[in-house]
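Those protein sequences? They're chains U and Y, same order as listed. For the first sequence, the working numbering gives the first residue as 108, with consecutive numbering after it. For the second sequence, the working numbering gives the first residue as 108, with consecutive numbering after it. Even glycine gets a Cβ: it sits at the ideal position worked out from N, Cα and C. These notes are about the structure you will find just below.
2 protein chains.
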Amino acid sequence: MKLTVKVMDIAAQGVLLHITDAWTIGVLEGDRVRVLNEATSESVSAIVNITSSFLTQGSIGVYQKTNGRVGFKEGAIAEVRETERLASIDYIKKKMDGQHLSKEEMLAIVKDTVAENLSPVEMAAFVTASYIHGLDMDEVEHLTRSMVETGDRIQFATHPIVDKHSIGGVPGNKISLLVVPIIAASGLKIPKTSSRAITGAGGTADLMEVLAPVEFSSAEVKRMTEKVGGSIVWGGATNIAPADDRFIMVEYPFRIDATGQMLASVMAKKSAVGADLAVIDIPVGNGTKVATVQEGRRLASQFMELGERLNIHVECALTYGESLVGHSIGPNLEVYEALSVLEGARAPGSLIQKSLSLSGIVLEMAGKAARGQGYAMAEGILTSGKALEKLRQIIEIQGGKPDVRSPDILPGEHHFVVNAPLDGYVVGLNNRSLITIARAAGAPHDRGAGIIIHAKKGTKVKQGEPIMTIYAERSWRLQKAVEIGRQLMPVLVEGMLLGHISPVHWV
Amino acid sequence: MKLTVKVMDIAAQGVLLHITDAWTIGVLEGDRVRVLNEATSESVSAIVNITSSFLTQGSIGVYQKTNGRVGFKEGAIAEVRETERLASIDYIKKKMDGQHLSKEEMLAIVKDTVAENLSPVEMAAFVTASYIHGLDMDEVEHLTRSMVETGDRIQFATHPIVDKHSIGGVPGNKISLLVVPIIAASGLKIPKTSSRAITGAGGTADLMEVLAPVEFSSAEVKRMTEKVGGSIVWGGATNIAPADDRFIMVEYPFRIDATGQMLASVMAKKSAVGADLAVIDIPVGNGTKVATVQEGRRLASQFMELGERLNIHVECALTYGESLVGHSIGPNLEVYEALSVLEGARAPGSLIQKSLSLSGIVLEMAGKAARGQGYAMAEGILTSGKALEKLRQIIEIQGGKPDVRSPDILPGEHHFVVNAPLDGYVVGLNNRSLITIARAAGAPHDRGAGIIIHAKKGTKVKQGEPIMTIYAERSWRLQKAVEIGRQLMPVLVEGMLLGHISPVHWV
Numbered sequence: 108m109k110l111t112v113k114v115m116d117i118a119a120q121g122v123l124l125h126i127t128d129a130w131t132i133g134v135l136e137g138d139r140v141r142v143l144n145e146a147t148s149e150s151v152s153a154i155v156n157i158t159s160s161f162l163t164q165g166s167i168g169v170y171q172k173t174n175g176r177v178g179f180k181e182g183a184i185a186e187v188r189e190t191e192r193l194a195s196i197d198y199i200k201k202k203m204d205g206q207h208l209s210k211e212e213m214l215a216i217v218k219d220t221v222a223e224n225l226s227p228v229e230m231a232a233f234v235t236a237s238y239i240h241g242l243d244m245d246e247v248e249h250l251t252r253s254m255v256e257t258g259d260r261i262q263f264a265t266h267p268i269v270d271k272h273s274i275g276g277v278p279g280n281k282i283s284l285l286v287v288p289i290i291a292a293s294g295l296k297i298p299k300t301s302s303r304a305i306t307g308a309g310g311t312a313d314l315m316e317v318l319a320p321v322e323f324s325s326a327e328v329k330r331m332t333e334k335v336g337g338s339i340v341w342g343g344a345t346n347i348a349p350a351d352d353r354f355i356m357v358e359y360p361f362r363i364d365a366t367g368q369m370l371a372s373v374m375a376k377k378s379a380v381g382a383d384l385a386v387i388d389i390p391v392g393n394g395t396k397v398a399t400v401q402e403g404r405r406l407a408s409q410f411m412e413l414g415e416r417l418n419i420h421v422e423c424a425l426t427y428g429e430s431l432v433g434h435s436i437g438p439n440l441e442v443y444e445a446l447s448v449l450e451g452a453r454a455p456g457s458l459i460q461k462s463l464s465l466s467g468i469v470l471e472m473a474g475k476a477a478r479g480q481g482y483a484m485a486e487g488i489l490t491s492g493k494a495l496e497k498l499r500q501i502i503e504i505q506g507g508k509p510d511v512r513s514p515d516i517l518p519g520e521h522h523f524v525v526n527a528p529l530d531g532y533v534v535g536l537n538n539r540s541l542i543t544i545a546r547a548a549g550a551p552h553d554r555g556a557g558i559i560i561h562a563k564k565g566t567k568v569k570q571g572e573p574i575m576t577i578y579a580e581r582s583w584r585l586q587k588a589v590e591i592g593r594q595l596m597p598v599l600v601e602g603m604l605l606g607h608i609s610p611v612h613w614v
Numbered sequence: 108m109k110l111t112v113k114v115m116d117i118a119a120q121g122v123l124l125h126i127t128d129a130w131t132i133g134v135l136e137g138d139r140v141r142v143l144n145e146a147t148s149e150s151v152s153a154i155v156n157i158t159s160s161f162l163t164q165g166s167i168g169v170y171q172k173t174n175g176r177v178g179f180k181e182g183a184i185a186e187v188r189e190t191e192r193l194a195s196i197d198y199i200k201k202k203m204d205g206q207h208l209s210k211e212e213m214l215a216i217v218k219d220t221v222a223e224n225l226s227p228v229e230m231a232a233f234v235t236a237s238y239i240h241g242l243d244m245d246e247v248e249h250l251t252r253s254m255v256e257t258g259d260r261i262q263f264a265t266h267p268i269v270d271k272h273s274i275g276g277v278p279g280n281k282i283s284l285l286v287v288p289i290i291a292a293s294g295l296k297i298p299k300t301s302s303r304a305i306t307g308a309g310g311t312a313d314l315m316e317v318l319a320p321v322e323f324s325s326a327e328v329k330r331m332t333e334k335v336g337g338s339i340v341w342g343g344a345t346n347i348a349p350a351d352d353r354f355i356m357v358e359y360p361f362r363i364d365a366t367g368q369m370l371a372s373v374m375a376k377k378s379a380v381g382a383d384l385a386v387i388d389i390p391v392g393n394g395t396k397v398a399t400v401q402e403g404r405r406l407a408s409q410f411m412e413l414g415e416r417l418n419i420h421v422e423c424a425l426t427y428g429e430s431l432v433g434h435s436i437g438p439n440l441e442v443y444e445a446l447s448v449l450e451g452a453r454a455p456g457s458l459i460q461k462s463l464s465l466s467g468i469v470l471e472m473a474g475k476a477a478r479g480q481g482y483a484m485a486e487g488i489l490t491s492g493k494a495l496e497k498l499r500q501i502i503e504i505q506g507g508k509p510d511v512r513s514p515d516i517l518p519g520e521h522h523f524v525v526n527a528p529l530d531g532y533v534v535g536l537n538n539r540s541l542i543t544i545a546r547a548a549g550a551p552h553d554r555g556a557g558i559i560i561h562a563k564k565g566t567k568v569k570q571g572e573p574i575m576t577i578y579a580e581r582s583w584r585l586q587k588a589v590e591i592g593r594q595l596m597p598v599l600v601e602g603m604l605l606g607h608i609s610p611v612h613w614v
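Here it is as structure tokens:
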């Protein structure tokens, strides 16, 4: 039927129909219609929202993203029809019924995901069904290739291109700020796309943004990497494997990270940037995504098999994940810590060792160092100051201030110190609770918000000594974080008396 | 944070935040915030939509349904916070992981469904997980009781209260228009809540609406049923088991009807109207929801077990579902057919027999007829004209015209006749295709739209004899239905020559 267009400046996909018109067309809330602009012959499929009063009968509200694809002027006439049923819905149903999806079927689902033809309900059903039934390696390969094909791809003139990825689950994991410049300083090219925190206190992209802009097109990533050897950008801005962001939004409420989806998500990005080899960091331990070394080994072999199918040489590092990397959580605090190591600080050991280990593996894989010599080579690059120099080049090419120094990066002005309630040892440090407290303090949005842990697991402490400090940019945020800390008790101190476990003291 | 309210007249739940404010609060599209009206101390949980231009920073758009619960005036100040995580999300995750849900957990999910605290993504995950893992009988009982508890309940002063339900899947199933008046005429009380077509060509509520209004509160259903013994209303208007409509919206794209959800959906409505006994019609055969008699028996035993747990005496009728009931599909055509039987017509046999069988079972269950005598008693009520008289009372009390006669109910003025392409037998009649054609012709919205089948499966036809007629109220609808009919070829005629199967001829 023909309806008069009201352009609605809401940054979403979709159209708004009067309930009577929807009924006439034969669609319900959440159904799709095809909307045709007869003036331009452009048409688009859009999810229907229904109103009984915001519009009069005979008109259609077209949301911004949808109108971006069909280009109506206010008051134009739209031809609106019930759409054909999407084949991808039948494929999702197949997966719900436990059947195997072919390459073509997976591609159809991913295409309709990227085009936003699938509704949130349909996406959720696909993600849930994939989570419950799992994806076999053929399906994971189809999914990965489909995610690559439906986004931008970078083709570098020279090779090898190397990459690094951490599957996450451990807080304070700022190692990319060290690994990328070490690798790039060795002469290898590493175009690192990274994520912003969704449930964490700061993703690599949030951290890098303290130093320089991180939103670039894939063409800019290519140019910058060719020029200085490395870049650290936010993947969400690049249109590389754009399906991934939509899948993540659906997984987000349930904090699920189904193995098949994770494998595809990581490897699609490596494949799309043209990586020849990649090292995958798999943090292992309670509170991470991988509870045991056995599970970590299984996951590693899946990453390696998928890499082989995609012609990417993959090696994995199982790393200790039960305690944070370094001592800081939150953008500015983490960047301060990483910068000070690049500037020559000899601590924290966990951060330095992990960064050098992963860098070493890459250097060996790429043939820059002999097997067994990668760690030492990475250490040489770090201690010589070449890694710092390289990071400054990356900061500069991304548009930041290359002469930044660690003292320039300040914590939030409000802070609260938590002291040990008794003499003893720190026996527990809950990753998830620490992240929750850092987020309550304002991280990652408030860059100065976060936590410094003074006494990590196993440390001997005296009564009254500081265990952790919470920082915030706004005092009400600090108060809230302290309140939540009181409930969560993220640190446990045990005295000499066996069995006497005491939470830290919150004043 | 405090934001200035812009009341948005979109008939939906939710709020619209500027992207910067969303980031500050720490929420993403699809997250929830708690919105507090400090003037009234009312607060509500709402799903977040994000805009970067439709609102300025510092303001919040509040959609109609959400504002209905919190009562802002334009320009008021709202306190907006990230909400606590809903416990029901953790319970949904449990179900995704294949675990069993307790009564309390199921109730939390259903409560948050009814309050619209759960997003479509979360609802979809619950429905998908329940579909894949299934619900055991304890969970089905919890779900049913939760659906009853979260809606209106009718308590009648006198008993027994009886009910009837068809699980659907066969087109043209207008039997409630006969069963309800037959039962009510026997002196029993039958408050029949029914559905509108979602994927069909006309639900019982769509049919009844040809004769009288169908939207009533549960209190009105009680009053009407007490007065005349029966009513036929749209369940969606009553607030009886309101969770069901939300679950159905999520199942709709996938056309799934998971057994556990279906059992709960049907029996929650029976329980909420206070039914003491109910007969369930289970159509069996290709093209219905239940393919074999064995499956039908299993489903019947589940209905009976659930009934026992809810203290409702349930019996089931497995009925022939491979061919439509009667000859008509579409509101007016079906109502015409049902009315003419009440007025004394002796055909169609399939409609009369099915209606009398189901009525007979109810009469026997309620002790109105001796075992084996129910059918005859029902037949007596029908042929005596008492059932017609009772339907007229029901029409009158619901606000329709009680003196309506079948010739008053007219088919759409446009029609197209499909003739037999050769001498032979009708060997195939595809239920789903017939429904698709009837919907294309405009049913159920255009009440005169639909199909009359002149030759059902097994009928001998001569070349050129009419096989079916398609009716529509609008000529373009008729054209579309004919076009779709050409593609779907819903009727097959086989000649004497074995193996020669010919689709009917579409001019």
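Residue span of the alpha helix (DSSP H) that contains residue i, given as start and end
i	result
ARG405(Y)	400-417
ALA194(U)	194-203
LEU463(Y)	456-472
ASP352(U)	350-358
PHE361(Y)	Note, PHE361(Y): premise wrong, no alpha helix (DSSP H); not H, not E.
Cutoff 8 Å; reference residue i; Cβ partners in own chain excluding five residues on either side
i	result
GLU149(Y)	LEU143, ARG176, VAL177 and GLY178
PHE354(U)	THR220, MET230, VAL234, GLN368 and SER372
ALA398(Y)	VAL391 and GLY392
Straight-line Cα distance separating residue j from residue i
i	j	result
GLY456(U)	ARG546(U)	25 Å
LEU110(Y)	THR163(Y)	10 Å
GLY632(U)	THR300(U)	Outside the modelled stretch of chain U, which goes from 108 to 614, sits residue 632(U), for which no answer is possible.
ARG330(Y)	VAL187(Y)	44 Å
SER253(Y)	GLN480(Y)	38 Å
LEU431(Y)	GLY555(Y)	18 Å
SER209(Y)	SER226(Y)	22 Å
Buried versus exposed call for residue i [16 or more other C-beta atoms within 10 Å across all chains shown]
i	result
GLU520(Y)	exposed
ALA454(Y)	exposed
ASN393(Y)	exposed
ASN584(Y)	Before going further, note that residue 584(Y) is Arg rather than Asn in the sequence given. Answer is buried; the Cβ neighbour count reaches 16.
ASP138(U)	buried
LYS334(U)	exposed
Chain-order list of residues whose beta-carbon lies under 6 Å from that of residue i (same chain, five-residue window excluded)
i	result
SER462(U)	ILE282, LEU285 and VAL286
GLU444(U)	GLY433 and SER435
PRO349(Y)	VAL221 and GLY258
GLU429(Y)	GLY392 and ASN393
Supposed close pair residue i, residue j - CB separation, criterion 8 Å
i	j	result
PRO390(Y)	VAL277(Y)	4 Å
VAL269(U)	ASP388(U)	That pair is no contact at about 14 Å.
LYS567(U)	TYR532(U)	6 Å
GLU572(Y)	ASN537(Y)	Not a contact, Cβ separation roughly 20 Å.
Extent of the continuous beta strand (DSSP E) run through residue i
i	result
TYR532(U)	531-536
SER325(Y)	Run containing SER325(Y): none in the beta strand (DSSP E); it sits in the alpha helix (DSSP H), 325-335.
ASP388(Y)	384-391
7 Å Cβ shell around residue i - same chain, five flanking residues per side excluded
i	result
VAL247(U)	GLY367, LEU370, ALA371 and LEU413
LYS376(U)	THR300, GLY342, ILE347 and ALA348
LEU314(Y)	LYS281, LEU284, PRO438, GLU441 and VAL442
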